[in-house]
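Numbering (our numbering), first residue to last: 802 to 1082.
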Amino acid sequence: MTAQEHAPAKVNLSLHVTGRRKDGYHLLDSLVVFTDSGDMLDTAAPAGLEISGPEGVGLSAGPDNLVTRAAHLMGAQDIGLHLHKVLPVASGIGGGSADAAAALRLLARVTGRPLPPMADILALGADVPVCLAGTPCRMRGVGEGLTPLPPLPPFWLVLVNPRVHVSTPQVFRALARADGRAMTDTLPAWPDTASLIAWLRAQRNDLEAPARALAPVISQVLRVLDAQQDCALARMSGSGATCFGMFATEMAAQAAATRVQSLHPEWWVTATGIRPAAPVS
């Protein structure tokens, strides 16, 4: 039987850059959630890695692909994998990291082998550990410090990518300062969606300004999202260029996504719900 694993998009609702280690890696403090939208990985391929889907065109299935690298880490390169790609590549929503994390989860389940050590997982990318968790988290350090969040109040997102590639290393190099204020030591309780949104408005994405300088179209995307009816917050995710609009209801998010797509058919646009927190064992 074919086994499959979802690779949901990762969204940084906030992303504070709080320091820089001697080895050059930046320290982060970020509130991360995962969406219902995402790629799908399965074991339907006869060998190696096969890629399909609307966002898979031109994506290499060679040894540098994070799915292939994850399979090697698991010692399972003999298992054929098929990736159906619907998330834009290199877009700040963890597409490649989510795919690698899905490969680790899938192959661990299929083979019964344990997951690799955290150092090896981090070597795939700073977002892979949080994508491996796949549940709302506070992410700190270089990506290894994960604190699962309690259930969040309901909200929906409209994700928009203007089809421009923004280099993560360039964004970090363009960062004016790397010693920003972290989020509060203890995160507050959010009894409802309004309280969560109000708290998020006081947070930030420190990578947004340098990314906008490198790709000015990001500013346009944020203006378009912010202008949509009932959009409570518009912000960039990760190092860009994908941005999100936050909405209290699914109907409002779907209506906004339809409007944005009609205004800019060349952009990648989707409305999506949020995957719930993992149950406490």
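Virtual Cβ for every residue (Gly too), placed ideally from N, Cα, C. Predicted model, so just to flag it, every value in this text is computed and none were measured.
- No Cβ-Cβ contact shorter than 9 Å links ASP1007 with GLY820.
- Excluding sequence positions up to five before and after LEU860, its CB lies within less than 7 Å of the CB of ILE852, LYS886 and VAL890, all in the same chain and listed in chain order.
- Rounded to the nearest angstrom, the gap between the Cα atoms of ARG822 and ARG1036 is 27 Å.
- In the structure shown, the three-state DSSP call for GLN805 is strand.
- Taking C-beta atoms as the reference points, ARG914 and GLY876 count as a pair closer than 9 Å.
- Residues PRO937, CYS938, ARG939 and ALA1078 of the same chain have their beta carbon placed closer than 7 Å to that of LEU950, with the five preceding and five following residues left out of the count.
- Restricting attention to beta strand (DSSP E) runs no shorter than 3 residues, the stretch 930-967 encloses them at 938-942, 946-949 and 957-962, ordered along the chain.
- With respect to the 9 Å criterion, GLY1041 and ALA1016 are classified as neighbours on the basis of their beta carbons.
- Contact annotation: the stretch 971-986 does not touch the stretch 1062-1078, with fewer than three C-beta pairs closer than 8 Å.
- Checking the DSSP bridge columns, you'll see MET841 partnered with HIS807 and HIS885.
- When the five nearest sequence neighbours on each side are left out, the beta carbons in the same chain lying within less than 8 Å of the beta carbon of ALA804 are those of ASP843, THR844, LEU907, ARG910 and VAL911, in order along the chain.
- Taking C-alpha positions only, PRO918 is separated from ALA999 by approximately 38 Å.
- The residue among GLY857, ASN813 and LEU850 with its C-alpha nearest the C-alpha of THR836 is ASN813.
- Excluding residues up to 5 positions away in sequence, LEU1034 lie with their Cβ nearer than 7 Å to the Cβ of ARG1002 in the same chain.
- Here SER831 is actually not in contact with PRO809; their C-beta atoms are around 16 Å apart, not less than 8 Å.
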